[in-house]
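Read top to bottom, the protein sequences are chains A and B. Taking full-length UniProt numbering, the leading residue of the first sequence gets 1, the next gets one more, and so forth. Taking full-length UniProt numbering, the leading residue of the second sequence gets 1, the next gets one more, and so forth. Think of the CB as a built atom: it goes at the ideal place given N, C-alpha and C, for glycine as much as any other residue.
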Amino acid sequence: MAKVLAKLGRKASPRLGLAIVLLTLISVILLSSTVWMFAGLRDRQQSVERSIREDAVWAAFQTDREAARLVEATLIAQTGGDIDALILRYDLLYSRVTLLGDGSYAVPFGAQSELGERAEAVSDIVQDLEPTIDALLDEPARRDALLTEILASAEQVIEASNALIVSANAETNALRVEERRKDLDAYWRIGIATLALTLTLVMLIVLLGVQIAHISRSGRAIELLGRRNAKKALEAREAMRAKSAFLATMSHEIRTPLNGILGMTSLLQQSRLSPEQARHVVSIRQSGDVLLDVITDILDYSKLEAGAASLAIASFELAEVMRSVETIMRPRAEVAGLKFDMEWPDWEVTSDPARVRQVLLNLVGNAVKFTAEGSVRVMAEVDEAELKISVTDTGKGIAAADMPLLFKDFSQIDSSSTRSFGGTGLGLAISKRLVEALNGTINVESRPGQGSTFWFSLPVAPARPLAEAERAVSHCMAPVEPSRFVGTVLVVDDNAINREVSAGLLEAMGLDVVTASNGREAVDLAGTLAFSMIFMDMQMPEMDGLAATRALRQQGIDVPIAGLTANAFASDRDACLAAGMNDYVSKPATPEKLAQVLRRQGVATADEEAVEAGAPSDDEAGAAEWTVDTAYQEVLREQLGEETFAGLLVQFEADVERLAEEAISAWREDELAAYDAALHTLKGAALALGYGGVAETANALRKQTANPVAALEAVRGTVRERLCA
Amino acid sequence: MRVLIPALLLCLSGIGSALADDLPQPMGPVLLTVTGTIANTNADGEARFDLEMLDALPQRVTESETPWYNGVQSFSGVKIEALLDAVGADGDTVTVTALNDYSAQIPVADFRDYEVIFATRINGETLSVRDKGPLFVIYPFDENPDLYNEVYFGRSVWQVTAMSVE
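In structure tokens, the structure reads:
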């Protein structure tokens, strides 16, 4: 750009100089030709004025004529004519003659010229005659002699005036020729001036043309540059978009099979496994979780980089976010042998809860990952509508020199730690961008050997402390959220593994599951069967989830529908809702997520069913013996790991629910073998997990003949209550 | 207006004709003889004026440079328009004739538009024939410089003795 402009400038400057010189020259020519032309015109004007006075010939002729008449009158007087007529003729001649030297006639008859001399000669003769004329009246006796004298003089006047006419005529002709020459001269001057003006105008037009051409050339060059730049920008944008699309596609492609792996692992964990198998499954699950984290990081990062991250600002209870982080992180910290503390005030604040949770999970995850022994402590404070959360660990700390690297993209301070700890190194970079997107700051204080404190603060106005009554009831938030539902749900997914995973998870919650592999099948099924809920994948062949949802809504089927997809974009969620869906589940579909959606959409829980069935409440039921072999459970925990054990507890609770239900219905239908088998299984399951009391109750019920329903409901209620606690 | 002025003139001429017989007889030498379509006369179809009669009519002094004299001169004399009124003239043109038989036609409109006089005196002295008297048609060049051209020079007749109204 600069180079081209410089080139234009170099080309332009001599041209510009030339143009200035030319313009100056033209101006001078213009001015002088105008002056010259006006001088010519003025000259002619003066000559025209003078011509008014040039009547010399006429004056001379009149004089001559009067002289002739005087001669005539004199001749008449000599033959006895009127003397008065003669005197009048003389007076007229006299008045004529005075004119020759007076007024404007004086100029052409100037004394210096030949014409002037002749005029004077005429004048002299006439004036010399005056005494003679006067004598005519005074001396009548000398009349004849005087008349002869007058006649002679009058003839002299005729002679002289004739000469005057000739002279005047010659003079006038000479003047006329001179005037004509001057006229011609003036015309030439005017002509030349006009030509000069025309030339000047032509030159101005040419200059203007040159200038316009120059401007348009510069304009074209600039336009070309602009277009080139726009093209470059477009290419860059295209490249960026392609990169983002590639990342999004790749993460989608990876998440889909991973979803299968993780889902199947969840199902596997809920089945009966040998302790060794359970350990292996836990390993698979953990590896899968790490892989999912990595992919999520990359996806998040690409979205942030493309500026596509959208914020969902809302009021939320700080406690909810903190508890969900604790739920995920406490087990990890405890597995790593770390003391884990969390403290938070009961406040309602305003920000993007999902982003706050993401940042906090990242910071706590790092703390747990990089701390070999000691503790991890999370402190949240709200001060003047600013939320500050700090994560303090007793790890090895960070050297001051390494601190600037921390929040950089794709950087880990110790490349060896990449191997030992894994991860993309994007976590803190993403956290920094997220915090900044929320108008907050993130920072770290650290002393090598003593530990680090990562903290971030965000504006969270409006914020208010919550009264005791408003505080969210501490729900049963186990790592896996055990729930029992009643009803039939439809799972629509084109991927067989995903379908099986979702179906398996939902069946584990007590639901009957029908599956469909595309939208078309789903619409057909929903038309004939009444479902409590539909889980609908978005991208499917033949008819995708959005189209199927629209079709269902058009048919007036208002069953709750939740979108199910591997894409975690907010735009996908919006598309789901716009198509008529009620909810949204991002893959991988975990039991917790599914249960949350089922609850939100009002799918009947087993508890409600029980209440509807008129089952006795816990109070009325005979209190089941609740004895737990804690020592045995401790052994199990150690051998299986915390997560697996937790999974087993969920499984146990589910089993208790199912088996109690089976036993009750078998007893009601008088199928004693089935009744006995259910109780036997229940006893076995209880013993396997160290719940001796439950096992005893089950065993006792096998042997009695009284109505066992109340007792079974009691067992079920107790188990549910205890395991949630 | 064009209709009005002739009407007014007719009216005035009516008044004049009532006084026709009262146009006095010239006592001194006759300087000007007016003929043509005139209502008031004092001779056989003519109106004759001596200096005294002319002096009795409305006068004007025109001080102006002319082509016939050196420098500014003071001309005084009778307004021709007043003279025409006095004789009850009815015409568009007058022909002014000089002693040397030179004559010029002058539109009557000139006398309405400009205060043209028959000068009888120059710088207070009576014009003799030698001084282009007895009467000299003088346009008001002092008030109307536009008149300073050949057309009006031609109408500026000197040594006037007669005027005919047509």
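Following the DSSP letters along the chain, one finds Ser-244 of chain A inside the alpha helix (DSSP H) bounded by residues 143–270. Between the stretch 188–201 of chain A and the stretch 134–143 of chain A there are fewer than three inter-stretch CB-CB distances shorter than 8 Å, so the stretches are not counted as touching. Of the candidates A:Thr-371, A:Thr-605 and A:Glu-671, the residue whose Cα lies closest to the Cα of Gly-397 of chain A is A:Thr-371. Under the three-state reduction of DSSP, Ser-324 of chain A is assigned to helix.
In its chain, beyond the 5 residues on either side, Val-513 have a beta carbon closer than 7 Å to the beta carbon of Glu-507 of chain A. Burial is judged here by how many other beta carbons sit within 10 angstroms of a residue's own beta carbon; Val-21 of chain A has fewer than 16 and is exposed. Within its own chain, the residues whose Cβ lies closer than 6 Å to the Cβ of Asp-493 of chain A, once the five positions on either side in sequence are excluded, are Arg-499 and Asp-537, listed in chain order. In the three-state scheme derived from DSSP, where H, G and I count as helix and E and B as strand, Phe-407 of chain A is classed as coil. A distance below 9 Å separates the beta carbons of Thr-33 of chain B and Arg-48 of chain B. For Asp-393 of chain A, the uninterrupted beta strand (DSSP E) run begins and ends at 386–393, by DSSP.
Here Gln-601 of chain A is not near Asp-572 of chain A, since their CB atoms are 9 Å or more apart. Residue contact with chain A for Gln-59 of chain B: absent (no Cβ-Cβ distance below 9 Å to any residue of chain A). Between Ser-103 of chain B and Ala-162 of chain B, the alpha-carbon positions lie close to 9 Å from each other. Residues of chain B with a Cβ closer than 8 Å to the Cβ of Ser-95 of chain A are, in chain order, Val-129, Arg-130, Asp-131, Lys-132, Trp-158 and Gln-159. Closest option to Thr-296 of chain A, judged by alpha-carbon separation, among A:Glu-178, A:Ile-430, A:Ile-212 and A:Ala-230: A:Ile-430. Pairing Val-378 of chain A with Thr-488 of chain A, the inter-Cα distance amounts to about 42 Å.
Using a CB distance cut-off of 9 Å, Asn-100 of chain B counts as an interface residue toward chain A. Within chain B, the residues placing a beta-carbon under 7 Å from that of Leu-99 of chain A are Trp-68, ordered along the chain. Contact check for Leu-598 of chain A and Phe-485 of chain A: beta-carbon distance about 5 Å, within the 8 Å limit, so the pair qualifies. As DSSP reads the structure, Phe-118 of chain B sits in a beta bridge with B:Val-78 and B:Val-137. Around the beta carbon of Ser-95 of chain A, a 10 Å sphere encloses 16 or more other beta carbons of the protein chains shown; the residue is thus reported as buried. Annotation for Ser-156 of chain B: Val-137, Ile-138 and Tyr-139 place their beta carbon closer than 7 Å to its own, counting only its chain and skipping 5 residues before and after. The continuous alpha helix (DSSP H) containing Arg-499 of chain A extends over residues 496–508. Within the DSSP bridge table, the entry for Tyr-584 of chain A names A:Gly-563 as partners. Taking 9 Å as the threshold, the shortest C-beta distance from Leu-164 of chain A to chain B does not fall below it. Judged by DSSP in its simplified three-state form, Glu-125 of chain B adopts strand. DSSP places Arg-130 of chain B outside both helix and strand once states are collapsed to three, so it counts as coil. Its Cα nearest to that of Ala-589 of chain A, the residue A:Thr-265 stands out among A:Thr-265, A:Leu-92 and A:Glu-149.
Look at Asp-82 of chain A: its C-beta is not under 9 Å from any C-beta on chain B. Comparing C-alpha distances from Asp-146 of chain B to each of B:Tyr-114, B:Leu-51 and B:Val-108 shows the shortest one belongs to B:Tyr-114. The beta-carbon separation of Leu-57 of chain B and Ala-82 of chain B, rounded to 5 Å, stays under the 8 Å limit for a contact. In the DSSP assignment, Gln-78 of chain A falls within the alpha helix (DSSP H) that extends over 56–78. Ranked by Cα distance from Val-30 of chain B, the first of B:Ser-164, B:Pro-134, B:Glu-150 and B:Glu-143 is B:Pro-134. In this structure the stretch 644–657 of chain A lies against the stretch 675–692 of chain A, because at least three pairs of beta carbons, one per stretch, are closer than 8 Å. Inside the stretch 436–463 of chain A, DSSP marks whole beta strand (DSSP E) runs of 3 or more residues at positions 441–447 and 451–459, from first to last along the chain.
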